[in-house]
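Q: Take this structure first; my questions come after.
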């Protein structure tokens, strides 16, 4: 079946296009996420809609070149507006983002409905820029995407250490004399480029997912920036290709949203399973840690209580040991320690609750536990 | 065109008429300040006194509305790379995917120049700087796995690796453990004794006298500046801190 699908020129074009888009936005999304600017991508993407309509109006036809130029222009305008709002008013970044995103998008929707009402048959396709229309991609568009991808890759490689420094600690970079504003602007412009490239395929509404999702997934698997950027590009490309194939197998599955869903699935899997940072891994290691603390720490806690009471055979109440350890050990654990001859059960009238006392062997074990710690 | 004539070259840091304003109230007002070379200087003052703003303004990170700044007679633009800067630890995201040695190598990025990547030499220098702070065993650790004190030491190593004649540190002892504090102060004193100028925003008045030989007392305006033994007086402390002083240290042998 795969061979049948791949025989189709349209499917091949969409597949390659989606994979390239995923790689570009994955690579740039890694920097956007690390700089906490992932939502800026969302504002830029929504702000591209009025540009799409303006490009159509200026060209008078569905000319991709002018439409994408318009999208890039209004996206840049939105980024500028954001910067002005945060610098000149007391509004914080999130509020500025919300304002810019909704205003530009509202203007875009107004323009879109107006153009559609008056623009005749040619304008009908404009609505596809909302959610993307993969089938509209032409083989010639792939060359544009590939070109942009190469430029972005070249810039990221050439300015690798500068981008890394600016993303980690912009103040330090500025104190060192790096042109931080220019470097940050370059990163933002590249994100805007990636968004423009993705408009046809994914649309303005969902584009941000392709920036954030691959980066968020990649971050889970590595602690190195280089690996994260490479993985992010790879996950983006994989999601693009997989989404394109899935949507090609069934009629009526829009490619863009499916690509986004695949990328999101990659995020979920990564959040759950990645070693070190994954939820499952963390739960397991927390459980191992709990199991590991018990024996040694139970003895140490008993020893501490014994010292505090100046009585090596101090009968420690089981509940009190739980409180001292922060978490009650399993009851079977005390029995196991008793079988090993380290503690013994005692009664401490009038309390009916179980009490435990360190044996001589237990005292020695507790002391060596303490030596290990220091 | 840059003015090449030196202005006050005898001072490690010379600040004149510096005024910084965020909105209506000035954060710094008419600061005149001189710090001679080879001292270890504390900048102290109550919360909101403008200590960090003063540092950022001298480094060109905050734009002043008036005044000028010179390091060893030069404008800051001519001194880039020759001033080691240690920002507040909480100013960055420590979950950034990078290692301790990688962060220290960032101190060498400027001297590498555009497009060049750090190589074996940079790695060796970064390791030396980490070793100075007792952090050589943590070089390959992801930075979020370090304790607060260890993170602070990595930050200091990043400034140290530049081998700069002037070091400026913003609250390097805030929230660090006692052993880190001892290591950092010991290193700073050695740097001072080797002729470097060390300028530290400091929050703990009880240790000013034992750690520093020079101090600047700040509360939006300059309250006093000079050798610690001259400046650390009840009158100056009261002028800088006002009522807050009841809760902090009183200079030895003097009641407030």
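Protein chains in written order, with the working numbering: chain L, 139 to 512; chain W, -3 to 252. Where a beta carbon is used, it is the ideal one built from N, C-alpha and C, also for glycine. This one's a predicted model, so the numbers in the text were calculated from it and none came from an experiment.
Please tell me whether residue 349(L) and residue 329(L) are closer than 9 Å, where the distance is taken between their beta carbons.
A: As a working note, residue 349(L) is residue 211 in the first chain. As a working note, residue 329(L) is residue 191 in the first chain. Yes, these two residues count as a Cβ contact at 9 Å.
Q: With 16 as the cutoff for other CB atoms within 10 Å, does residue 210(W) come out buried or exposed?
A: Within the second chain, numbered from 1, the residue matching residue 210(W) stands at position 214. By the 10 Å Cβ count, residue 210(W) comes out buried.
Q: Can you name the start and end residues of the beta strand (DSSP E) that residue 27(W) belongs to?
A: Here the question's residue 27(W) lines up with position 31 in the second chain. Run containing residue 27(W): 22 to 31, per the beta strand (DSSP E) assignment.
Q: For residue 182(L), which residues of its own chain have a beta-carbon under 7 Å away from its beta-carbon, when the five flanking residues on both sides are left out?
A: Walking along the first chain from the start, residue 182(L) turns up at place 44. Taken in chain order, the residues that qualify are 213, 216, 217, 329, 330, 333.
Q: When you compare only the Cα positions, how much space is there between residue 145(L) and residue 408(L)?
A: By 1-based counting over the first chain, the position of residue 145(L) is 7. By 1-based counting over the first chain, the position of residue 408(L) is 270. The alpha-carbon atoms of residue 145(L) and residue 408(L) are separated by roughly 33 Å.
Q: Starting from residue 63(W), trace the beta strand (DSSP E) in both directions and tell me its first and last residue.
A: The count along the second chain starts at 1 and reaches residue 63(W) at position 67. Taken as a continuous stretch (DSSP letters only), the beta strand (DSSP E) holding residue 63(W) covers 62 to 67.
Q: In its own chain, which residues sit with a C-beta less than 7 Å from the C-beta of residue 215(W), not counting the 5 before and 5 after it?
A: What you label residue 215(W) is simply residue 219 of the second chain in a count that begins at 1. For residue 215(W), where only same-chain residues beyond five positions count, the Cβ hits under 7 Å are 41, 42, 45, 236.
Q: Work out the CA separation of residue 468(L) and residue 502(L) for me, nearest whole Å.
A: What you label residue 502(L) is simply residue 364 of the first chain in a count that begins at 1. What you label residue 468(L) is simply residue 330 of the first chain in a count that begins at 1. Taking the straight line from one Cα to the other gives about 23 Å.
Q: Determine contact between the stretch 308 to 326 of chain L and the stretch 78 to 88 of chain W, defined as no fewer than three beta-carbon pairs at a distance below 8 Å.
A: Taking 8 Å as the limit for Cβ pairs, the verdict is that the stretch 78 to 88 of chain W does touch the stretch 308 to 326 of chain L.
Q: Would you say residue 149(W) and residue 180(W) are within 9 Å of each other, going by their C-beta atoms?
A: For the purposes of this step, residue 149(W) is taken as residue 153 along the second chain, with counting starting at 1. For the purposes of this step, residue 180(W) is taken as residue 184 along the second chain, with counting starting at 1. Contact flag set, yes.
Q: Which chain L residues are close to residue 208(W), counting only those with a beta carbon under 9 Å from its beta carbon?
A: For the purposes of this step, residue 208(W) is identified with residue 212 of the second chain, where counting begins at 1. Near residue 208(W) there are no residues of chain L at all, since even the closest Cβ is about 22 Å away, more than 9 Å.
Q: With 9 Å as the threshold, decide whether the Cβ of residue 226(W) is near any Cβ in chain L.
A: Here residue 226(W) refers to the residue found at position 230 of the second chain. Residue 226(W) does not count as touching chain L.
Q: Work out the CA separation of residue 357(L) and residue 512(L) for me, nearest whole Å.
A: Within the first chain, numbered from 1, the residue matching residue 512(L) stands at position 374. Within the first chain, numbered from 1, the residue matching residue 357(L) stands at position 219. With a pLDDT of only 48 at residue 512(L), under the threshold of 50, the placement of this residue in the model should not be trusted; the figure read from the coordinates follows. The alpha-carbon atoms of residue 512(L) and residue 357(L) are separated by roughly 35 Å.
Q: Return the Cβ separation of residue 234(L) and residue 220(L) in integer angstroms, given the expectation that the two are a contact with Cβ distance under 8 Å.
A: By 1-based counting over the first chain, the position of residue 234(L) is 96. By 1-based counting over the first chain, the position of residue 220(L) is 82. Their Cβ separation, rounded to whole angstroms, is 5 Å, which keeps residue 234(L) and residue 220(L) in contact under 8 Å.
Q: Starting from the beta carbon of residue 138(W), find every residue of chain L whose beta carbon is closer than 7 Å, and list them in chain order.
A: One-based indexing of the second chain puts residue 138(W) at position 142. Those are 361, listed as they occur along chain L.
Q: Relative to the C-alpha of residue 212(W), which candidate in 6(W), 136(W), 153(W), 197(W) has its C-alpha closest?
A: Indexing the second chain from 1 puts residue 212(W) at position 216. That would be 197(W), whose Cα lies nearest to the Cα of residue 212(W).
Q: State the DSSP-derived secondary structure class of residue 358(L), mapped to helix, strand or coil.
A: Working through the first chain from its first residue, we reach residue 358(L) at position 220. In this structure, residue 358(L) counts as helix in the three-state DSSP scheme.
Q: For the stretch 97 to 115 of chain W, list every residue whose C-beta sits within 9 Å of some C-beta in chain L, in sequence order.
A: So the list reads 98, 99, 101, 102, 103, 105, 106, 108, 110, 111, 112, 113, 114, given in the order they occur along the chain.
Q: Could you pull out every unbroken alpha helix (DSSP H) segment of at least 4 residues lying fully inside the stretch 353 to 440 of chain L, listed in chain order?
A: List check, alpha helix (DSSP H) in window: 363 to 387, 393 to 411.
Q: To the nearest angstrom, report how far apart residue 252(W) and residue 227(W) are at their CA atoms.
A: By 1-based counting over the second chain, the position of residue 252(W) is 256. By 1-based counting over the second chain, the position of residue 227(W) is 231. In this prediction, residue 252(W) scores a pLDDT of 42, lower than 50, which makes its location untrustworthy; the coordinate-derived value is nonetheless stated afterwards. Taking the straight line from one Cα to the other gives about 14 Å.
Q: Indicate whether at least one CB of chain W lies closer than 9 Å to the CB of residue 291(L).
A: The residue you call residue 291(L) lines up with position 153 of the first chain. So no, residue 291(L) is outside the interface.
Q: Distance cutoff 9 Å, beta carbons only. Does residue 322(L) sit that close to anything in chain W?
A: Along the first chain, one-based indexing puts residue 322(L) at 184. With 9 Å as the cut-off, residue 322(L) does not count as an interface residue toward chain W.
Q: With 9 Å set as the bound, which would you pick, yes or no: does the beta-carbon of residue 46(W) sit closer than that to a beta-carbon of chain L?
A: To locate residue 46(W), count along the second chain from 1; it is residue 50. Judged by the 9 Å Cβ criterion, residue 46(W) is not in contact with chain L.
Q: So, is residue 138(W) buried or exposed, given that buried needs 16 or more other C-beta atoms within 10 angstroms?
A: Working through the second chain from its first residue, we reach residue 138(W) at position 142. Residue 138(W) should be labelled buried.
Q: Go to residue 139(W), then tell me how far its beta strand (DSSP E) extends in each direction, as first and last residue.
A: Here residue 139(W) corresponds to residue number 143 of the second chain, with the count starting at 1. It is not in any beta strand (DSSP E) - residue 139(W) carries neither H nor E in the DSSP assignment.
Q: Give a yes or no on whether the C-beta atoms belonging to residue 483(L) and residue 476(L) are separated by under 9 Å.
A: By one-based count along the first chain, residue 483(L) stands at place 345. By one-based count along the first chain, residue 476(L) stands at place 338. Yes, Cβ-Cβ distance for residue 483(L) and residue 476(L) is below 9 Å.
Q: So residue 134(W) contacts chain L; which residues on that side make the cut at Cβ distance below 9 Å?
A: Sequence index remark: in the second chain, residue 134(W) carries index 138 (1-based). The contacting residues do not exist; residue 134(W) stays about 13 Å from chain L at best.
Q: If you reduce the DSSP assignment to three classes, tell me which class residue 163(W) lands in.
A: Reading the second chain from its first residue, position 167 is the one you call residue 163(W). Residue 163(W) falls in the strand class under three-state DSSP.
Q: Give the interface partners of residue 92(W) over in chain L, defined as CB-CB distance under 7 Å, in chain order.
A: Within the second chain, the letter at position 96 stands for residue 92(W). Here the neighbours are 172, 306.
Q: Quick check: what's the CA-CA separation for residue 152(W) versus residue 188(W)?
A: As a working mapping, residue 152(W) is identified with position 156 in the second chain. As a working mapping, residue 188(W) is identified with position 192 in the second chain. Taking the straight line from one Cα to the other gives about 15 Å.
Q: Are residue 218(W) and residue 68(W) touching if we call contact CB-CB under 9 Å?
A: For the purposes of this step, residue 218(W) is taken as the residue at position 222 of the second chain. For the purposes of this step, residue 68(W) is taken as the residue at position 72 of the second chain. Going by C-beta atoms, residue 218(W) is not nearer than 9 Å to residue 68(W).
Q: Going along the chain, which residues of the stretch 178 to 196 of chain L sit with their C-beta nearer than 8 Å to a C-beta in chain W?
A: Taking 8 Å as the Cβ-Cβ cut-off against chain W, none of the residues of the stretch 178 to 196 of chain L qualify.
Q: Could you give the DSSP three-state label for residue 504(L): helix, strand or coil?
A: Here residue 504(L) refers to the residue found at position 366 when the first chain is read from its first residue. If DSSP states are grouped into helix, strand and coil, residue 504(L) belongs with the helices.
Q: With a threshold of 9 Å between beta-carbons, can residue 185(W) be considered close to chain L, or not?
A: Here residue 185(W) refers to the residue found at position 189 when the second chain is read from its first residue. So, not an interface residue.
Q: What are the residues that DSSP puts in a beta bridge with residue 494(L)?
A: Taking the first chain and counting its residues from 1, one reaches residue 494(L) at position 356. Residue 494(L) pairs with 454(L), 483(L).
Q: Taking C-beta to C-beta, are residue 15(W) and residue 22(W) nearer than 9 Å?
A: As a first step, residue 15(W) must be located in the second chain, where it is residue number 19. As a first step, residue 22(W) must be located in the second chain, where it is residue number 26. It is a contact, given that the beta carbons lie within the stated cut-off.
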